[in-house]
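Visitor: There's a structure below that I have some questions on.
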Amino acid sequence: MSDRIAVLDGVTKSYGSAEALHPTDLEFGSGVIGLLGPNGAGKSTMLRLLATAMPPTAGRIVVGGHEVTGSVSERTAARRRLSYLPQEVGIPRRMTTFAFLDYIAVLKEWKDREARHREVIRVLGLVNLEDRRTKRVSALSGGQRRRLALAQALMGDPDLIILDEPTTGLDPEQRASLRGILSSYSERGSVLLATHQTEDVSALCDRVIILDEGRIRFDGTVPDLVALADGQVWVGAEANSGALSSWRTGNGEIRSLGGVPAPGSRLADPAVEDAYLLVRNTTDADTSAAGSTGAGASRIGEGR
Amino acid sequence: MATGWHLSPELLGRYAAGTLDLGPQAAVEAHIIVCPDCLGLASAAAPRDTLDQVWQGVVTATARPTMPWPLRFLQRLGLAETDAVILRASSSLYRPWLLSVVGAFVFGVAGSMLPAAEQRAFYLLIAPLLPAITVAAAYDSTDPIRELAVATPYSKLRIALLRTVFAVAVALPVVLVGGLVLPFVGAEAFAWLLPALTLTLLALTLLTWWTATAAAGTVAAVWLLVVVLLRTADQLAAVDTPVAQLAFATAALLALAVLTIRITSYHAPGGYT
Amino acid sequence: MGTPTDSELLRDIAAGDEAALRMLYERHAGWLLLRLNRRCGNSELVAGALQDTFVAVWQSAGRWRGEGEVAAWLWGISIRRLVSALRGRPAADPLGDDVVDAASPLVQSAEDELLLGVEYGDVGRALRSLPPELRATVQATVIDGLSTKEAAKLLGLPQGTVKSRLRVAKVRLRRSLMPARDGRI
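Residue numbers (my numbering), protein chains in the order written: chain A, 1 to 304; chain B, 1001 to 1273; chain C, 2001 to 2185.
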């Protein structure tokens, strides 16, 4: 497997005059890549483009060595190499969990019935739904439906797994088990996941990309990202003035991000969330100001 | 029967290995039935890999949904199992059935209620539309799985074809039987075939852009207009003339050409890209 | 909530509870597999019969009347599934011999024999007094509760042979059990 499982080359997506994704160049190798950003940042747009769910306005997309934006046969070949969990999947309510996965498996060209059914049962087990295998979708809870949708993305052995908010609706145990599945998978291929959970990123991702308003604001490792917030997080009796955010922690102290340190406060270890908030609240004009604070900062604004 | 006596590991081992004589063997078996403790021990002595393998078989066999009978019937006629799975998953497929039943009902009622002069116009109106609308109804452009299905390698055109063939196969017998049974339909019993083909292709072409409702509505409106105009001009029989049939054939070819262009630019009917 | 009983599991299975089927399988599949292995030497057929048993339980758990041991009910299903798996196989298939052969070597420890003797003395002794081919017939019909037709399939014998062997075996068993019992096992 080459290091370049997926490539975006000058890719843009616009709806009329609205730019959902500004010109973007990216390469994805093996490992888990986290896509962070607020709602409407262009995360889903990027994932849908990679998943071949819609064509880009301009640019070239390659998955598993096949050009998504090329001929029909190239696109089909690329589709054989990827799997996709959309942000919202409507599953016909009358279908059983098994029948749904069986159908998707057929769409994924599993022809042999026995092998296909074995695979369906395997992924049902992976998402802990084996004991719901005969149930109709209408009888499932929201979390179970989400896990069912996730199961189809784990079928087969794709090069690229594209997951749009896979941990939404999962309880902590299920989230932990999903992390286990994804990290074991990341040795063979590339997992690209959009999420709002910064814990998922710090627990799982080898690389983080922060998107905002259709532009890449950060692209680097988790330590690089966290380093951006070095010297910016303070703990003390009072909040920093002009802090980006501050709140009272469990032990009664106030934790502040950015701003002028309040008297008597001391520095604390930053988390992914701090760095994310910093990147988010750094406008293009003062990118360089934030850039002086960390090693990965040179990557802010890359890809424009 | 139990008196505090239990199977010794050694005895159980010999039972599992099959080296017990029939008498003791029968005793062991009788004891297992009534003693939950020894039953558990015996179960634990069985080969785990065989048990796991059999369990996988049980899981699959209990989960496998049964095919609806029309699909089982088609499978017997040679429909591939994977195609049957595709059709089973098409939640919109019950609508062609429904429409055909309604169509048959409409033919039957119209046959007894309309004056003879209107019956021909009526048949000419309904017969070519039924297959076209049935085909459109087999699509659901709000197909909930669409977003997922698009990203899979399976040919969306094949899905479209399967649905179309299925819908036509359901609608055709109704129209044919309706035409042959109703007393008022003469030569028109077959004159509708080419218009039906044209309208169906037109519907499929529109389906590469529009929703099923919009496509079916447009096709129905166009055909209604044609039939009303012909009826007002008292020219219904013109449909049956070689000129008219040639015109329909040309229109069908035209629709087919546009459809082909749309499909090769990767827009299968039903909103798939 | 304690461990559910077998009949509770069957009730849940009848209501469509897959986890209950899993528990029932964990509890019973092992001994059923061992016992089926004692009846047929073909491991593929045995595995098939075991699978069919639990599929049948899933589909018709509601038919259990709630009388007697669930284990005995399960065995009744299993042995019949095995018999129907044997159906369609050539009658000359030496499955009956497997069973008989497996039962012949006698390397039993004195202690076990003693204990078994205490628990199942009369029957055990009576059974051991029979020649192997009669024992196999008794096992299939009396112990497993099969009809002569089913037993014939299992043993790979003509029905008439099973009937006559069973007659002979009954006479002999009654003779050796008479002082203690009335001839029924």
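Positions of the beta carbon are idealized from the N, C-alpha and C atoms, including for glycine.
In this text the structure is predicted, and so the values were computed from the model without any measurement.
Using Cβ-Cβ distances below 8 Å, what residues of the stretch 120-148 of chain A are close to chain C?
Guide: So the close ones are E130, D131, R132, R133, T134, K135.
Visitor: Give a yes or no on contact between the stretch 163-180 of chain A and the stretch 6-24 of chain A, applying the rule of three or more CB pairs nearer than 8 Å.
Guide: no
Visitor: Could you tell me the distance, in whole angstroms, from the CA atom of D2012/C to the CA atom of A2020/C?
Guide: 6 Å
Visitor: Just list the residues that DSSP pairs K310/A with in beta bridges.
Guide: Here chain A comprises residues numbered 1 to 304, so residue 310/A is not present and cannot be evaluated.
Visitor: Go ahead and pull the three-state DSSP assignment for G1057/B.
Guide: Three-state result, G1057/B: helix.
Visitor: Rounded C-beta distance between T1200/B and V1135/B? I'm assuming under 8 Å.
Guide: 5 Å between Cβ atoms; contact.
Visitor: When DSSP builds the beta bridges, which residues end up paired with W2064/C?
Guide: DSSP output for W2064/C lists no bridge partner at all.
Visitor: To which residues of the same chain is A1244/B closer than 6 Å at the C-beta, ignoring the five residues directly before and after it?
Guide: A1238
Visitor: For the alpha helix (DSSP H) that contains V123/A, what are its first and last residues?
Guide: Residues 113-126.
Visitor: Taking the C-alpha atoms as reference points, what is the distance between S2043/C and S1100/B?
Guide: Going by the C-alpha atoms only, they are around 52 Å apart.
Visitor: Determine, using beta carbons only, whether Q1056/B comes closer than 8 Å to chain A.
Guide: yes
Visitor: Should the stretch 1039-1050 of chain B be called in touch with the stretch 2018-2038 of chain C, which here means at least 3 C-beta pairs below 8 Å?
Guide: yes
Visitor: Strictly below 9 Å CB to CB, what residues from chain A border R2022/C?
Guide: Chain order gives the chain A residues near R2022/C as E130, D131, where near means a beta carbon separation below 9 Å.
Visitor: Closest by CA to V222/A, which one among S202/A, S241/A, Y84/A, N240/A?
Guide: S202/A
Visitor: Among residues of its own chain, excluding the 5 on either side of L1114/B, which ones have a beta-carbon nearer than 7 Å to its beta-carbon?
Guide: F1122
Visitor: Can you list, in chain order, the residues of its chain whose CB lies under 8 Å from that of D1037/B, leaving out five sequence neighbours each side?
Guide: H1006
Visitor: DSSP on D274/A, reduced to helix/strand/coil?
Guide: helix
Visitor: Quick one: what's got a C-beta closer than 7 Å to E302/A's C-beta in the same chain, skipping five residues either side?
Guide: Residue confidence is low: E302/A scores 39 on pLDDT, short of 50, so the model does not pin down where it sits. No coordinate-derived value is stated.
Visitor: Helix, strand or coil, according to DSSP, for G34/A in the structure here?
Guide: strand
Visitor: How far does the alpha helix (DSSP H) with S83/A in it extend, from its first residue to its last?
Guide: That residue, S83/A, is in no alpha helix (DSSP H); its beta strand (DSSP E) goes 82-85.
Visitor: Nearest to A2085/C by alpha carbon, out of R2172/C, G2066/C, S2007/C, L2155/C?
Guide: L2155/C
Visitor: What's the gap between the Cα of M1067/B and the Cα of E1081/B?
Guide: 10 Å
Visitor: By the criterion of Cβ-Cβ separation under 7 Å, what are the contact partners of T76/A in chain B?
Guide: Around T76/A, the beta-carbon contacts reaching into chain B at under 7 Å are P1153.
Visitor: Under 8 Å Cβ to Cβ from M1958/C, same chain only, skipping five residues before and after it: list those, please.
Guide: As shown, chain C starts at 2001 and ends at 2185. That puts residue 1958/C outside it, with no answer to give.
Visitor: Give the secondary structure of V7/A by DSSP, where H, G and I count as helix, E and B as strand, and everything else as coil.
Guide: V7/A falls in the strand class under three-state DSSP.
Visitor: Exposed or buried, K111/A, counting other C-beta atoms within 10 Å across all chains shown (16 or more means buried)?
Guide: Exposed, because fewer than 16 other Cβ atoms sit within 10 Å of the Cβ of K111/A.
Visitor: Give the range of the alpha helix (DSSP H) segment to which G1040/B is assigned.
Guide: 1036-1044
Visitor: Going by the beta-carbon positions, is the gap between L2146/C and L1022/B smaller than 8 Å?
Guide: no
Visitor: Does A2019/C have its Cβ less than 8 Å from a Cβ in chain A?
Guide: yes
Visitor: Closer than 8 Å between beta carbons: that is the criterion. Which residues of the stretch 1049-1083 of chain B meet it against chain C?
Guide: Of all residues in the stretch 1049-1083 of chain B, only T1050, L1051, Q1053, V1054, W1055, G1057, V1058, A1061, T1062 place a beta-carbon less than 8 Å from a beta-carbon of chain C.
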